[in-house]
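Reviewing the structure listed below.
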């Protein structure tokens, strides 16, 4: 087990109707005037925002609204919201939405106390030392931003989508009300579950040997998500299945599933290869949902790299899918390859069973698009990146090609 | 999944040599003068305390020492330490030791800002609203106090051992250095692992139906602990096995393994039946190590209650021991009973394999001692207690008798 620091200080308030407790919970943190951040319509249309406004008002918490956050939030929106937050002297953020909304709120939270331009944190690696307190009401389980120290922002002018990490902007409070997710469309639900599983996998395949407590937790989260997925797609109002997806998504990304799996205690576990490969897809093609991109890229990445550490993939095959190599029936090397391939096949089949795409062709991408992806990938990640097996640009090209 | 609030804000700094970082970590919390709480000798003898003193001094943190905490810490010690903490105007606590030492520090932490007698919190149920920040250097993994909102204190004058719960006194920082546990004797190591498994079981058998994410995490923690136990007993300096035990013990009791399994979001998951039955043992017989008492009481309790929810025990049998009922070979009722009994047998055999006792006779207790245990059990828990299957005093008698 490698050394680690784990601090997930978020207060998670989970259950039926807890949305109406947000005002009291925000007030209990000592916040009196928050920037209410939200997206492009559904939270207003479904009445969630009105419940939040009423709860804040009842608790005596003032708020200023900053709506219109788009999927893959853009830095220009963040800059405007920072100005507004400063003018209105807010003392905290309340994001009502999914990962994009929460990430936008986080960027505002650390942008407000910073003298320079907020994009510096992403493009120049300026360390993030201070942030206003962030609170959330989660409506789309997927990105895990409600419990994570991660934040991803796009810059259209540069065609880049970049992430930062830090404990200082982890949410102080997250309201997790599974009933808010009853209305999520199947595609978004499926993409969310795919994203969660990818978050666990990035940490699981981190280039570090077995860490039994963490590995068992990781496999257990994935199994629970896979079991809940067909139930939630069959009956979008299955409370227990929705609750499993919501809580599973939070634990998939609050770093619990990475404890002891980091190469250094001050960085997150994993090389995030699949995320890096996917980010290029949704940076260049904003219509591609992040989770859908991962459903294509994650299995393709696995097939390309598993031989770098077959034992790790065998553990995954056994603990997630109950697949063990048929050592007595086949030569060892074949048995291992068959078991690993069977597990990756099952994972990909699971994604497809939820309606996720299997190839880049499903996004109407062809060989000609790959050079564009590689161009910005190189810019963002350099000539080699990753932790499980460092990937060159030729590896990346091979993975994209194999996913066509 | 039942509603819950989960907030485990502790900063866990885990790894080789992190003991020497305690001063810098305590200073980073803004503490400048701490009460240094420790036990009865081993941390001094092994040099741990000198490392902590040097680290605090190097970081410019002053400290006042309060040593001599005994196993099953006594309220008189706590009262004296509260006086000292007030006189010396400390701004936080640093416990160096195991659960007893940390619990003693917690009691001081919430005793200092309270006007009345600290025993009021335990005996009268006075709500705990404020506490000085608690930090720890863990040397004995077992009680999970380094990450929990639990605190158990004994009062010799009343022959009582009582616990309180609350988020306000959860440690702000815990230094987890597995190398400090290399010198732990086998019996203490085994008793610690037993205690951890009991912490998970109390939440697992909480009278609430399946909660897949939490149930998988719970079973995964138990499996990891059971796999590490023989390795750590065979080689006390097996770092990875010691690390698994240390981190497993923390997660066994920081409430992660109870999320969604509470009958109410404001109370901890589980009825803590085994702990209640065991607390009477160690309250009356201070030579009984808590974990050793649990090794006797937990299986006896399981055998008495499993029929109240066989499905729950079948899940446990499958996910912890890989035991499934032989439905095709036996009548259903028999198959279930056999599978559940086999799982409980395996759990008890595992405890015995670590050198833990199997009967009350191993503590030289006989039938005549049981009335004394029942007397204070009734005083502490009333005529009925528990969540999985409410236990009457007759149930408790039957469980104790069956454990003879």
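Protein chains in written order, with our numbering: chain A, 103 to 506; chain B, 103 to 506. Ideal placement from N, C-alpha and C gives every residue a C-beta, glycine not left out. Owing to the predicted nature of the structure, the values given are computational and were not obtained by experimental measurement.
Rounded to whole angstroms, the Cβ separation of residue 246/A and residue 313/A is 20 Å, and the two are not in contact under 8 Å. Separation of residue 208/B and residue 450/A (C-alpha to C-alpha, rounded to the nearest whole angstrom) is 49 Å.
With fewer than three CB-CB distances shorter than 8 Å, the segment 298-311 of chain A does not count as touching the segment 257-271 of chain A. A distance below 8 Å between beta-carbons, with the five flanking residues on each side excluded, links residue 119/A to the following residues of its chain, in chain order: 279, 281.
For residue 165/A, the pairing in a beta bridge is given by DSSP as 136/A. Neighbours of residue 329/B across chain A, judged by C-beta separation under 8 Å: 314. With respect to residue 380/A, residue 395/A sits close: the two C-beta atoms are nearer than 8 Å. Listed along chain B, the residues sitting closer than 9 Å to residue 113/A by beta-carbon distance are 107, 108, 109, 111, 269. Boundaries of the beta strand (DSSP E) around residue 236/A: 236-240.
Pairing residue 333/A with residue 320/A gives a Cβ-Cβ distance that is not under 8 Å. The C-beta distance from residue 236/A to residue 195/A rounds to 5 Å, short enough to meet the 8 Å contact threshold.
Secondary structure of residue 285/A (DSSP, three-state): coil. Between residue 271/A and residue 204/A, the gap from beta carbon to beta carbon reaches 8 Å or more.
The C-beta of residue 467/A has 16 or more other C-beta atoms within 10 Å across all chains shown, which makes the residue buried. DSSP places residue 226/B outside any alpha helix (DSSP H), giving it a letter other than H or E.
For a cut-off of 8 Å, the C-beta gap from residue 190/A to residue 171/A is around 17 Å, too long to register as a contact. Looking at the DSSP output, residue 494/A bridges to 486/A. Under DSSP, residue 325/B forms no beta bridge with any residue. Proximity of chain A to residue 418/B at the Cβ level (cut-off 8 Å) is not reached, the minimal Cβ distance being about 14 Å. Ranked by Cα distance from residue 372/A, the options 301/A, 240/A, 349/A, 173/A are led by 301/A.
The beta carbon of residue 285/A sits closer than 7 Å to those of 148, all from its chain and outside the five residues before and after it, given in chain order.
DSSP, reduced to helix, strand and coil, places residue 176/A within a strand of the structure shown. Contact of residue 367/B with chain A by beta-carbon distance below 7 Å involves 117. As the crow flies, the alpha-carbon of residue 216/A is around 15 Å from that of residue 225/A. Counting other Cβ atoms within 10 Å of its Cβ, residue 483/A reaches 16 or more and is therefore classed as buried. Around the beta carbon of residue 455/A, fewer than 16 other beta carbons sit within 10 angstroms, so the residue counts as exposed. Rounded to whole angstroms, residue 436/A and residue 417/A show a C-alpha spacing of 16 Å. Bridge pairing for residue 194/B: 136/B [DSSP]. For residue 275/A, DSSP records a beta bridge to 113/A, 237/A.
In the structure shown, the three-state DSSP call for residue 303/A is helix. Chain order gives the chain B residues near residue 362/A as 116, 345, 349, where near means a beta carbon separation below 8 Å. Your pair residue 135/A and residue 164/A checks out as a contact, with CB atoms roughly 4 Å apart and the cut at 8 Å.
Put simply, the CB of residue 353/A is near chain B, with a gap under 8 Å to one of its CB atoms.
Residue 342/A reaches chain B at 103, counting residues in chain order whose Cβ is nearer than 7 Å. For residue 201/B, the enclosing alpha helix (DSSP H) stretches over residues 201-213. Non-local beta-carbon contacts of residue 140/B in its own chain, meaning distances under 7 Å to residues more than five positions away in sequence, involve 151, 169, 171, 198, 199, 203 in chain order.
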